[in-house]
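So the protein sequences, as listed, match chains A and B. The first sequence begins at 1 in UniProt numbering and counts up one residue at a time. The second sequence begins at 1 in UniProt numbering and counts up one residue at a time. Backbone N, C-alpha and C define an ideal beta-carbon position, used for all residues, glycine too.
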Amino acid sequence: MAEVKLFRAWSSPFPLRIVWALEVKGIEYDMIYEDLSNKSSMLLQYNPVYKKVPVLLHKGKPISESLVILEYIEETWKSKTPSLLPGDPYQRAMARFWAKFGDDKILPLIWEAFIKQGKDQEEALIAAHENLKYLEVELRGKKFLGGETVGFADLTFGWLANLVSVFEEIAGVTLIDHEKFPLLLTWMKNFMDAPKIRETWPPRDKLINHFRALRETLIAKEPK
Amino acid sequence: MAEKVVLLDFWASMFGMRGRVALAEKGIKYEYREEDLKNKSDLLLRMNPVHKKIPVLIHNGKPICESLIIVQYIDEVWNDKSPLLPSDPYKRAQARFWADFVDKKVYDTGRKLWSTKGEEHETAKKELLEIFKTLEEELGEKPYFGGETFGFMDVAFVTFYSWFYAFETFGEFSMEAEHPKIIAWAKRCMQKESVAKTLPDQQKVYEFALGLRKRFLGE
Chain A
1 MAEVKLFRAW SSPFPLRIVW ALEVKGIEYD MIYEDLSNKS SMLLQYNPVY
51 KKVPVLLHKG KPISESLVIL EYIEETWKSK TPSLLPGDPY QRAMARFWAK
101 FGDDKILPLI WEAFIKQGKD QEEALIAAHE NLKYLEVELR GKKFLGGETV
151 GFADLTFGWL ANLVSVFEEI AGVTLIDHEK FPLLLTWMKN FMDAPKIRET
201 WPPRDKLINH FRALRETLIA KEPK
Chain B
1 MAEKVVLLDF WASMFGMRGR VALAEKGIKY EYREEDLKNK SDLLLRMNPV
51 HKKIPVLIHN GKPICESLII VQYIDEVWND KSPLLPSDPY KRAQARFWAD
101 FVDKKVYDTG RKLWSTKGEE HETAKKELLE IFKTLEEELG EKPYFGGETF
151 GFMDVAFVTF YSWFYAFETF GEFSMEAEHP KIIAWAKRCM QKESVAKTLP
201 DQQKVYEFAL GLRKRFLGE
């Protein structure tokens with residue numbers, strides 16, 4: 001039995017970041033799948049503040065919040081390469097900045113563009129594109145945000161590589177187009193196929209069914 | 001090369017104050033530049049084009065943005081004194097988790113106390129008190145959130161102490177009555193020169209917040 005356990009839900013992109021970090025560093029772990037509509041008492045005990053996945057349990061001690069967990073993994077398994085964060089403090093600050101930018105801006109806006117319709121969708125898409133421009137510039141001359149190998153910021157944006165095409169198929173709209181974001185699309189493809197990462201993607205048809213149902217529920221709840 | 005450190009900031013920002021406290025803890029000399037948030041400088045827009053916000057730390061010409069990222073940067077570069085993050089990875093994770101909790105919860109809920117009224121205001125007040133309750137439980141009997149010494153999480157939260165009078169007045173509650181441990185902790189932190197010299201007077205902050213309220217509610 002591994003001393004590391006990861007609480008996750010099969011469809012959620014946040015715990016997937018932790019799967020990637022553990023896989024890429026070759027750390028042994030057990031996976032515990034949660035049904036988010038029926039959370040286990042263990043999950044509620046280990047993450048009483050947010051009651052969410054992911055939770056990493058290491059030697060019985062829980063850590064929550066995906067970016068906090070990534071830093072913990074980096075600091076605890078120092079000898080396991082590749083490093084997720086560079087050694088230079090300024091480069092580390094930049095990696096953290098881009099990761100936070102992804103979660104604060106890109107993720108909510110793409111999500112909005114996916115679940116809304118009409119004018120709301122248009123506005124969300126415009127705002128998403130305004131922000132994605134910064135990412136496109138940041139990718140100049142780089143294979144990954146972390147350089148030659150996948151790093152902290154790449155893991156945080158990794159959901160784009162998989163879920164954008166799922167969202168586009170369901171909503172029937174192009175979220176990230178080739179003309180405006182060629183570097184981003186290349187990055188998404190490289191991340192999709194990266195060693196250790198390509199084996200972790202949940203089955204596409206399951207994701208489509210899951211997010212389609214979720215979108216329909218959310219649209220039905222919208223005030224007319 | 002002499003270190004050149006500049007902080008682009010706004011006097012009442014609890015986020016900017018975090019950078020100021022961290023710099024003071026480490027004894028770093030820096031140039032403080034006050035920004036007029038209604039008329040942001042070219043320098044700010046150049047140094048933080050993505051968010052166009054303060055605080056921005058500029059170290060030897062290179063900008064670092066986002067207050068908790070700034071505090072970690074300061075801790076990593078000037079690592080010879082007053083460590084803000086502990087050395088144990090689990091304790092570091094706890095410090096980061098709780099600082100992030102403050103970021104996610106306190107500001108957005110707190111600002112509703114001066115920017116909303118009626119039912120929305122009542123809900124915000126209840127939520128804020130719950131948030132403080134969670135923080136008070138986390139603090140427990142410890143002198144500081146990090147344990148025996150003032151650290152990262154204390155820096156992240158203590159700057160909100162300068163806004164407590166504003167929260168209390170707009171929310172019509174007393175922090176001392178509702179959350180005495182938080183007040184005791186804040187006063188303990190205020191014994192530190194880095195905190196006492198950084199945090200502005202609560203009355204001044206309240207008057208500033210009154211101005212914000214007028215803008216939001218048109219009163």
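Take residue i and list the residues in its own chain whose beta-carbon comes closer than 6 Å to its own, dropping the five residues that flank it on each side.
{"i": "A/K17", "result": "Before going further, note that residue 17 of chain A is Arg rather than Lys in the sequence given. Same-chain partners within the cutoff: S66, L155."}
{"i": "B/D9", "result": "G16, I54, P55"}
{"i": "A/K105", "result": "N131"}
{"i": "B/F216", "result": "S115"}
{"i": "A/I73", "result": "A21"}
{"i": "A/I2", "result": "It should be noted that the sequence gives Ala, not Ile, for residue 2 of chain A. Only E28, Y29, D30 meet the Cβ criterion."}
{"i": "A/K78", "result": "none"}
{"i": "B/E127", "result": "T109"}
Once the 5 residues before and after residue i are set aside, which same chain residues still bring their CB inside 8 Å of it?
{"i": "A/W10", "result": "Y33, P202, K206"}
{"i": "A/E216", "result": "none"}
Suppose the cutoff is 7 Å on Cβ atoms and the five residues either side in sequence are ignored; what does the same chain contact list for residue i look like?
{"i": "A/L163", "result": "P13"}
{"i": "B/V6", "result": "Y30, E31, R33, I58"}
{"i": "A/H129", "result": "K180"}
{"i": "B/K192", "result": "F150"}
{"i": "A/H178", "result": "L185"}
{"i": "B/M175", "result": "F164, E168, I182, I183"}
On the premise that residue j lies in contact with residue i, defined as a C-beta separation below 8 Å, what is that separation, rounded to the nearest angstrom?
{"i": "A/L175", "j": "A/I110", "result": "6 Å"}
{"i": "B/L210", "j": "B/G171", "result": "At roughly 14 Å, the Cβ-Cβ gap does not stay under 8 Å, so B/L210 and B/G171 are not in contact."}
{"i": "A/G158", "j": "A/W20", "result": "6 Å"}
{"i": "A/A93", "j": "B/I64", "result": "5 Å"}
{"i": "B/L85", "j": "B/F152", "result": "5 Å"}
{"i": "B/T134", "j": "A/V49", "result": "7 Å"}
{"i": "B/I182", "j": "B/E130", "result": "About 13 Å separates the two Cβ atoms, so there is no contact after all."}
{"i": "A/L134", "j": "B/K62", "result": "First, the amino acid is wrong: residue 134 of chain A is Tyr here, not Leu. Not confirmed; about 17 Å, so no contact."}
Nearest-angstrom Cα distance between residue i and residue j?
{"i": "A/P223", "j": "A/K116", "result": "12 Å"}
{"i": "B/P89", "j": "B/E25", "result": "22 Å"}
{"i": "B/M1", "j": "B/F160", "result": "Only weak support is given to the placement of B/M1: the predicted model assigns it a pLDDT of 49, under 50, and the question is left unresolved by the model."}
{"i": "B/A93", "j": "A/N47", "result": "13 Å"}
{"i": "A/I219", "j": "A/A124", "result": "15 Å"}
{"i": "A/E138", "j": "B/L57", "result": "20 Å"}
{"i": "B/K104", "j": "B/E148", "result": "25 Å"}
{"i": "B/K4", "j": "B/K40", "result": "22 Å"}
{"i": "B/R33", "j": "B/V155", "result": "21 Å"}
{"i": "B/F101", "j": "B/S13", "result": "18 Å"}
{"i": "A/V53", "j": "B/E31", "result": "42 Å"}
{"i": "B/Y206", "j": "B/D80", "result": "37 Å"}
{"i": "B/T109", "j": "B/P180", "result": "20 Å"}
{"i": "A/I63", "j": "A/L70", "result": "10 Å"}
{"i": "B/K38", "j": "B/K52", "result": "12 Å"}
{"i": "residue 225 of chain A", "j": "A/F101", "result": "Limits of chain A in this structure are 1 at one end and 224 at the other, which puts residue 225 of chain A out of reach."}
{"i": "A/K59", "j": "B/I74", "result": "31 Å"}
{"i": "B/K91", "j": "A/L107", "result": "29 Å"}
{"i": "A/N209", "j": "B/Q72", "result": "41 Å"}
{"i": "residue 267 of chain A", "j": "A/A95", "result": "As displayed, chain A neither begins before 1 nor continues past 224, which places residue 267 of chain A out of reach and without an answer."}
{"i": "A/E136", "j": "B/D201", "result": "43 Å"}
{"i": "B/R96", "j": "B/A196", "result": "23 Å"}
{"i": "B/S194", "j": "B/N48", "result": "26 Å"}
{"i": "B/A124", "j": "B/S82", "result": "36 Å"}
With DSSP collapsed to three states, give me the class of residue i.
{"i": "residue 247 of chain B", "result": "Residue 247 of chain B cannot be examined here, being either before or after the span of chain B that is shown, 1 to 219."}
{"i": "A/P202", "result": "coil"}
{"i": "B/M1", "result": "Since pLDDT at B/M1 reaches only 49, below the 50 mark, its modelled position is unreliable, and the value read off the structure follows with that caveat. Correct three-state label for B/M1: coil."}
{"i": "B/V6", "result": "strand"}
{"i": "A/V173", "result": "coil"}
{"i": "A/L84", "result": "coil"}
{"i": "A/L163", "result": "helix"}
{"i": "B/G146", "result": "coil"}
{"i": "B/M47", "result": "helix"}
{"i": "A/E112", "result": "helix"}
{"i": "A/Y33", "result": "strand"}
{"i": "A/G147", "result": "strand"}
{"i": "B/L199", "result": "coil"}
{"i": "A/I63", "result": "strand"}
{"i": "B/E207", "result": "helix"}
{"i": "B/R33", "result": "strand"}
{"i": "A/F7", "result": "strand"}
{"i": "B/A62", "result": "According to the sequence shown, residue 62 of chain B is Lys rather than Ala. DSSP places B/K62 in strand when its eight states are reduced to three."}
{"i": "A/L56", "result": "strand"}
When Cβ atoms are compared, which residues of the UniProt domain "GST C-terminal" (88–208) of chain B fall closer than 7 Å to chain A?
-> Against chain A - using a Cβ distance shorter than 7 Å - the residues of the UniProt domain "GST C-terminal" (88–208) of chain B are P89, Y90, R92, A93, R96, F97, D100, F101, T134.
Between the stretch 50–69 of chain B and chain A, which residues of the former have a C-beta closer than 7 Å to a C-beta of the latter?
-> Of all residues in the stretch 50–69 of chain B, V50, K62, I64, C65, E66, I69 have a Cβ within less than 7 Å of some Cβ in chain A.
Near-chain B residues of the UniProt domain "GST N-terminal" (2–81) of chain A - C-beta to any C-beta below 7 Å | V49, K61, I63, S64, E65, V68, E71, Y72, E75, T76
Taking a Cβ distance cut-off of 8 Å, strictly less, list which residues of the stretch 71–87 of chain B are near chain A, in chain order.
-> Q72, Y73, E76, V77
Pull out every residue of the stretch 100–134 of chain A whose Cβ sits closer than 7 Å to any Cβ of chain B, in chain order.
-> Against chain B - using a Cβ distance shorter than 7 Å - the residues of the stretch 100–134 of chain A are K100, F101, Y134.
Proximal residues, the stretch 196–222 of chain A versus chain B, C-beta separation under 8 Å | none
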